[in-house]
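This report refers to the structure that appears directly beneath it.
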DNA sequence: CGTCGCTTTGATTAATGTCAATAGAGGTGG
DNA sequence: CCACCTCTATTGACATTAATCAAAGCGACG
């Protein structure tokens, strides 16, 4: 699996095995899964065409770096398929995953000079890439875009605040329960389902929850033994007792 | 000290000892410390007058609740003086402070139906309170306001992500060092000063850093013994060795 | 069939939380 | 002005959680 090779090639602007990059995105709008969410849904056909002309449509395999913390924040991404991991890394290797995003998400929102986190593909990811400077002029003519971005930013802020509560005050068991409930509700499917598909590995879950791989594994095993969940496969978990899991996640049990 | 009395009275809309509330804010704009930051600075005199007419000018003593988590998010606040603590609380008493804000800060940004956190005054706080519905119409006519809010939200998001890294991956010592450096740079004064004035108590620091009061106290004592800081008074800390403190905060030492 | 990467499990250690007591600071009233 | 009271912070002894270190299991893939 030569995925860092792919990541390096993408970062360097060179050809990536398994990747597709096209100069304009418009031809994909008709079939895009993000067509009716977030940014694109706010626009009329004309506006959408303009937006698409400003975008570059891309598809990348697993393990590519879409943007790297500290690099100039030239781009802005709208994910149309797949899952992206956002993380902050320290020099000594410690990593905090600050979020997982999928269809419809904007990445690189902040108008900062440099990216404040690294974005990595967890599976095959298709997305539209915008040039930040080119987009600014479009915003002036379509204020609704700025409204959508503001709404998205506020939503992300609320999620971040919930995660601060989790990281600062919840023990491992509660963190895992919260994670499973959140993931089963917000992602993979519209309404909560028993089956939770986790595109990330245990290490990513650990880095998201501020734990170690071992603790994540032990907690999952404990939950399985208590018949709260079933581990169908490493990345497929079934929620058996949602009510109890929710109670644990909100700290209502001991 | 009857401060929860004051909080209860403010929440109930009744008179608060030490509080001043006026229907319009315009007469205070000339002397407002937030006049040339954030929202208000973006507007011309005409726009500012309109904005001020939509606002209610308030002053509250220490310990009042400006907004409570879970209540309908009817208002939106622009702080012009003092410090406000933002926190999320769990049923069993666990608390996570998600931020401290002061002059120029917007509180209640998210267009959500209900507040996602509780805002409490830490000292005497003066602020402008806006009606969310009344403000929306103003936004349509002054798109620059929405731009400012978006910039503010993105900035807060970046801070929240940094705090996630702190809560998820830094040990107590690094958390305290980061906190002191951040507070000395971002608040109290424009450029970093040796003297750090902390308007919050140890318990608030602990709840902000995901620690206990005892651990905060012990770490501060240890730093004092290592001559990194001096504790002039409980709320006045002098930074003696900023370089080392910064290194500790970023995880560069062991 | 063997190797590599990821996950699980076990034994031990270290960091931080909990419980308890003491020490200061600030305010109040005699 | 001083004694007292209360609230906050500090310090100490001990308990507990989760991290670390180490090894084995499992699956995918060549």
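Protein chains in written order, with full-length UniProt numbering: chain W, 1 to 254; chain A, 1 to 254.
C-beta atoms are modelled at their ideal positions from N, C-alpha and C, and glycine is treated no differently.
Computed from a predicted structure; not experimentally measured.
*Sequence-distant residues of the same chain with beta carbon closer than 8 angstroms to residue 134 of chain W, five excluded per side*: Position 134 of the first chain, counting from 1, holds the residue named residue 134 of chain W. So the qualifying residues of the chain are 54.
*Taking the Cβ atom as the reference point for each residue, do residue 67 of chain A and residue 115 of chain A lie within a distance shorter than 8 angstroms?*
Against the second chain, residue 67 of chain A aligns to sequence position 67. Against the second chain, residue 115 of chain A aligns to sequence position 115. In contact: residue 67 of chain A and residue 115 of chain A (Cβ atoms closer than 8 angstroms).
*What do you get for residue 207 of chain A, buried or exposed, if any count of 16 or more other CB atoms within 10 angstroms of its CB means buried?*
The residue labelled residue 207 of chain A in the question sits at position 207 within the second chain. Result: buried.
*Tell me the DSSP bridge mates of residue 119 of chain W?*
Here residue 119 of chain W refers to the residue found at position 119 when the first chain is read from its first residue. Paired residues: W:67, W:86.
*Looking at C-alpha atoms only, which residue of W:222, W:110, W:169 is the closest neighbour of residue 210 of chain W?*
For the purposes of this step, residue 210 of chain W is identified with residue 210 of the first chain, where counting begins at 1. Cα-wise, what sits closest to residue 210 of chain W is W:169.
*Does the beta-carbon distance from residue 240 of chain W to residue 196 of chain W come in below 8 angstroms?*
Here residue 240 of chain W refers to the residue found at position 240 of the first chain. Here residue 196 of chain W refers to the residue found at position 196 of the first chain. No. Outside cutoff.
*From the DSSP output, which residues share a beta bridge with residue 236 of chain W?*
Within the first chain, numbered from 1, the residue matching residue 236 of chain W stands at position 236. Its beta-bridge partners are W:197, W:233.
*What's the call for residue 41 of chain W, buried or exposed, on a 16-neighbour Cβ count within 10 Å?*
Here the question's residue 41 of chain W lines up with position 41 in the first chain. Residue 41 of chain W is classed as exposed because its beta carbon has fewer than 16 other beta carbons within 10 Å across all chains shown.
*Would you mind telling me which residues of chain W sit closer than 7 angstroms to residue 200 of chain A, beta carbon to beta carbon, in chain order?*
The residue labelled residue 200 of chain A in the question sits at position 200 within the second chain. Chain W residues near residue 200 of chain A: none, gap ~15 angstroms exceeds 7 angstroms.
*For the putative contact between residue 75 of chain A and residue 108 of chain A, defined by C-beta atoms under 8 angstroms, what is the C-beta separation to the nearest angstrom?*
Here residue 75 of chain A refers to the residue found at position 75 when the second chain is read from its first residue. Here residue 108 of chain A refers to the residue found at position 108 when the second chain is read from its first residue. Yes, residue 75 of chain A and residue 108 of chain A are in contact; Cβ-Cβ is about 6 angstroms, under 8 angstroms.
_Minimum Cβ-Cβ distance from residue 149 of chain W to chain A less than 8 angstroms_ = The count along the first chain starts at 1 and reaches residue 149 of chain W at position 149. Residue 149 of chain W counts as touching chain A.
_Is it buried or exposed, residue 253 of chain A, if we count other Cβ atoms within 10 angstroms and call 16 or more buried?_
The residue labelled residue 253 of chain A in the question sits at position 253 within the second chain. Per the 10 Å Cβ criterion, exposed.
*Which of the three DSSP states, helix, strand or coil, is assigned to residue 39 of chain A?*
Here residue 39 of chain A is taken as the residue at index 39 of the second chain, counted from 1. In this structure, residue 39 of chain A counts as helix in the three-state DSSP scheme.
*Taking DSSP as the reference, what is the three-state secondary structure of residue 148 of chain W?*
By one-based count along the first chain, residue 148 of chain W stands at place 148. Here residue 148 of chain W sits in helix by DSSP.
*Residues of the segment 93-116 of chain A with Cβ closer than 9 angstroms to any Cβ of chain W, in chain order*: 94, 95, 96, 97, 98, 99, 109, 110, 111, 112, 116
*Going by DSSP, which residues form a beta bridge with residue 131 of chain A?*
Within the second chain, residue 131 of chain A is the residue found at index 131, counting from 1. In DSSP, residue 131 of chain A forms a bridge with A:75.
*Going along chain A, which residues have a C-beta under 7 angstroms from residue 164 of chain W?*
Locating residue 164 of chain W in the first chain gives position 164, where the first residue counts as 1. Chain A residues near residue 164 of chain W: 96, 98, 160, 163, 164, 167.
*Indicate whether at least one CB of chain W lies closer than 8 angstroms to the CB of residue 70 of chain A.*
Locating residue 70 of chain A in the second chain gives position 70, where the first residue counts as 1. So, not an interface residue.
*Near residue 194 of chain A, which residues of its chain fall below 7 angstroms by C-beta distance, leaving aside the five closest residues on each side in sequence?*
As a position in the second chain, residue 194 of chain A is number 194, starting the count at 1. Counting only Cβ-Cβ distances below 7 angstroms, and skipping sequence neighbours, we find 238, 239.
*Output yes or no for whether 8 angstroms exceeds the beta carbon distance between residue 277 of chain W and residue 138 of chain W.*
Absent from the model: residue 277 of chain W. The displayed extent of chain W is 1 to 254, so no value can be given.
*Quick one: using the 10 Å Cβ neighbour count with 16 as the cut-off for buried, is residue 88 of chain W buried or exposed?*
What you label residue 88 of chain W is simply residue 88 of the first chain in a count that begins at 1. With 16 or more Cβ atoms within 10 Å of its Cβ, residue 88 of chain W is classed as buried.
*Can you tell me which of the three DSSP states residue 185 of chain A falls into?*
Taking the first residue of the second chain as position 1, residue 185 of chain A is located at position 185. Looking at residue 185 of chain A - three-state DSSP - the assignment turns out to be helix.
*Whose Cβ in chain A lies nearer than 8 angstroms to the Cβ of residue 153 of chain W?*
For this step, residue 153 of chain W is matched to residue 153 along the first chain. Chain A residues near residue 153 of chain W: 150, 153, 154, 157.
*Contact set between residue 225 of chain A and chain W, taken where Cβ atoms lie within less than 8 angstroms*: Working through the second chain from its first residue, we reach residue 225 of chain A at position 225. Those within 8 angstroms of residue 225 of chain A in chain W number zero; the least Cβ separation is about 25 angstroms.
_Taking CB distances under 8 angstroms as the criterion, tell me whether residue 143 of chain A reaches chain W._
By 1-based counting over the second chain, the position of residue 143 of chain A is 143. Judged by the 8 angstroms Cβ criterion, residue 143 of chain A is in contact with chain W.
*Using a Cβ-Cβ cut-off of 8 angstroms, state whether residue 210 of chain A counts as contacting chain W.*
Counted from its first residue, the second chain places residue 210 of chain A at position 210. It does; some Cβ of chain W falls within 8 angstroms.
*asked:* For residue 112 of chain W, which residues in the same chain have their Cβ closer than 8 angstroms to its Cβ, ignoring the five residues on either side in sequence?
replied: Sequence index remark: in the first chain, residue 112 of chain W carries index 112 (1-based). Once the five neighbours on either side are set aside, the close Cβ partners of residue 112 of chain W are 73.
*asked:* So, under 8 angstroms CB-CB, residue 29 of chain A and residue 23 of chain A are touching, yes? Tell me the CB distance rounded to an integer number of Å.
replied: By one-based count along the second chain, residue 29 of chain A stands at place 29. By one-based count along the second chain, residue 23 of chain A stands at place 23. With a Cβ gap of about 14 angstroms, residue 29 of chain A and residue 23 of chain A do not count as contacting.
*Based on Cα-Cα distance, which residue from W:217, W:152, W:205 lies nearest to residue 78 of chain W?*
As a working mapping, residue 78 of chain W is identified with position 78 in the first chain. Ranked by Cα distance from residue 78 of chain W, the options W:217, W:152, W:205 are led by W:152.
*asked:* For residue 246 of chain A and residue 86 of chain A, what's the separation of their Cα atoms in angstroms?
replied: Sequence index remark: in the second chain, residue 246 of chain A carries index 246 (1-based). Sequence index remark: in the second chain, residue 86 of chain A carries index 86 (1-based). Answer to the nearest angstrom: the Cα atoms are 25 angstroms apart.
*Please decide whether residue 2 of chain A counts as near chain W, where near means a Cβ-Cβ distance under 8 angstroms.*
Position 2 of the second chain holds residue 2 of chain A. Any reading at residue 2 of chain A must be qualified, since the residue scores a pLDDT of 35, below 50, and its modelled position is unreliable; the value itself is stated next. So, not an interface residue.
*For residue 223 of chain W, does the count of other Cβ atoms within 10 angstroms reach 16, so buried, or fall short, so exposed?*
Counting from one through the first chain, the residue named residue 223 of chain W turns up at place 223. Result: buried.
*What's the C-alpha gap between residue 118 of chain W and residue 124 of chain W?*
The residue labelled residue 118 of chain W in the question sits at position 118 within the first chain. The residue labelled residue 124 of chain W in the question sits at position 124 within the first chain. One C-alpha to the other measures close to 17 angstroms.
*Where does residue 26 of chain W fall in DSSP's three states?*
To locate residue 26 of chain W, count along the first chain from 1; it is residue 26. Note: residue 26 of chain W maps to helix in three-state DSSP.
_N- and C-terminal bounds of the alpha helix (DSSP H) containing residue 202 of chain A_ = For the purposes of this step, residue 202 of chain A is taken as residue 202 along the second chain, with counting starting at 1. Unbroken alpha helix (DSSP H) run through residue 202 of chain A: 202-209.
_With the cut-off set at 8 angstroms, would you say residue 33 of chain W and residue 52 of chain W are in Cβ contact?_
Sequence index remark: in the first chain, residue 33 of chain W carries index 33 (1-based). Sequence index remark: in the first chain, residue 52 of chain W carries index 52 (1-based). No. Outside cutoff.
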